[in-house]
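Colleague:
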Amino acid sequence: MPPAHPRRRRAAAALAVLCALALPALPQAAASRAGTADARATFVYRITTADPQDGERLLAHGFDLLEHRSGSDLFVLGDTATRARLTALGFHPAVDRRLADGAHRDRAALADGDTYDGGYRTVAAHYAHLDRVAAQHPDLAQVMTYGQSWRKQAGQGGNDLRAICLTKQTGNDCRLDPHAPKPRFFLMSQIHARELTTGEVSWRWIDYLTGGYGTDPAVTALLDSTEVWVVPIANPDGVDIVAQGGDNPAYQRKNADDGNGSGCDAGGQIGVDLNRNAGSHWGASGTSDDPCSEVYLGPQADSEVENTALEGLFRQLYPAVRGPGDGDPAPADTRGIMITMHSDAGMVIFPWAHDHTVHTGNDAALRALAGRLGTMTGYQSGQAGEILYDAAGGTDDWIYDKLGTAAFTIEAGDSDNRGCSGFMPPYSCQDSYFWPKLRPALLYAAQQAGAPYTAG
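Be aware that the sequence shown starts at 3, since it is given in this note's numbering, and climbs by one per residue.
#1: Run through the DSSP bridge pairs and tell me what G384 is partnered with.
#2: For the stretch 195-215 and the stretch 114-133, state whether three or more C-beta atom pairs, one from each stretch, are separated by less than 8 Å.
#3: Does the contact criterion of 3 or more C-beta pairs under 8 Å hold for the stretch 428-441 versus the stretch 385-397?
#4: For S264, count neighbouring Cβ atoms within 10 angstroms of its own Cβ and tell me buried if that reaches 16, exposed if not.
#5: Below 8 Å, how does it come out for the stretch 301-315 and the stretch 148-156: are there three or more Cβ pairs, yes or no?
#6: Going straight from the alpha carbon of G363 to that of A182, what length do you get?
#7: When DSSP builds the beta bridges, which residues end up paired with R123?
#8: Would you mind working out which of Y402, G314, R317 sits nearest I1, comparing C-alpha positions?
#9: S383: buried (16+ other C-beta within 10 angstroms of its C-beta) or exposed?
#10: When the Cβ atoms of the stretch 333-341 are set against those of the stretch 414-428, are three or more pairs found closer than 8 Å?
#11: Classify V244: buried if its beta carbon has 16 or more other beta carbons within 10 angstroms, exposed otherwise.
#12: What separation, rounded to the nearest whole angstrom, lies between the Cα atoms of Q318 and L178?
#13: Any chance the stretch 165-178 sits against the stretch 214-229, with 3 or more Cβ pairs inside 8 Å?
#14: DSSP state of G214, grouped into three classes?
#15: Can you find the residues in the same chain that come closer than 6 Å, C-beta to C-beta, to F65, ignoring five residues on each side of it along the sequence?
#16: With a Cβ-Cβ cutoff of 8 Å, do H283 and D399 count as a contact?
#17: Ignore the nearest five residues each way along the sequence and tell me which others in M378's own chain have a CB closer than 6 Å to its CB.
#18: Report the start-end ranges of each beta strand (DSSP E) in the stretch 133-205 that is 3 residues or longer and not cut off at the edges.
#19: In terms of alpha-carbon separation, which member of P428, R85, R186 lies closest to F316?
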């Protein structure tokens, strides 16, 4: 486990020096307004790195290191004080972009309601969508509750944890039995709450399958032969925090568990990073035990109810078929695929994420399938540390580790420079860019669920 890291603080003195050097002389009142606006602004800083360990170093110092890389350049989210802190560590940050003000976001008039920031759907809207789909397609869809969020268990409001199963229903489908007659493809989104594109992809994937059954031959064949499971919002309390910002959404990544770090100042945020908390190689690379860090791993492995509930669902859907060693393979005839959606690196990642120098016993098959998905999307593919940085305690490592299920992370990103980068791109990007890019890859991956380790 990394050593304890101090809570992030605003560097007021460094900021004053920085502003004095960088800003031209302004009338006093105008300068005051500009200083206040800049202090509240959020930027993405680009950092050219020379040492492969610079990513670990940034995480160790509590920076919000984004899941994005361009060559040797890494990206950090923060305010003007963040720039001063980066400079003090010897980095040379450059502003890659200033994040858009919500007042300038495009708008979409949607019939579903319960939207924010131009059209993104709230947790309530996603859950109403699941219920509506099940009511409209009783022959194809079943909705289930598999747990409760941290806030709900703590009596602070909160949410149920909900999933939908899509298949042409027979008497034995969508049962919580790891030995089901049909193979299973599982898609989950927004375990990192601020990664808004991922929930929208799940919404469209559900509608694509239910709307295409009986008319689209590929969709019909898929639902006749395969169970497709979707968790559109894996971190609903976190998404509630994001959505409360309206047209200026909060950049909440973690869940709402403030049992540790309840006093985080403006440089941090409450919660546990659910994608560092899973009990597979917990506490290894890419994590922090600072409760205010964006990659806070939690007080212990699987401490968070969102994760234990999800893992319980996985165990009811997939049999455990792999040995305990990192190199132990799952049998070649293992069925099932799980994909967890993230943004915005533009990558397809597969286990092991905890250490890229260690390969799974199914490395060749996982690498080949990830490569095909990468070709279809225009994304890089590889283990996390090969193309981004090592990160232990993630969902994809857990399900492969404990069960042997083929697992991938798809990092939705703007690989074509279409103006759709970031965690919260203009809402119009969802239909004009992300969905057309990702739909063929998701369909192809779902079609391989019957034999992912022998897919041709």
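All residues carry an ideal CB built from backbone N, CA and C; glycine is no exception.
Modeller: Here's the rundown:
#1: I351
#2: yes
#3: no
#4: exposed
#5: yes
#6: 25 Å
#7: T117
#8: Within the shown structure, residues of the chain are numbered from 3 to 458, placing residue 1 beyond reach of any answer.
#9: buried
#10: no
#11: buried
#12: 5 Å
#13: yes
#14: helix
#15: V78
#16: yes
#17: P442, A443
#18: 143-150, 162-168, 186-190
#19: R186
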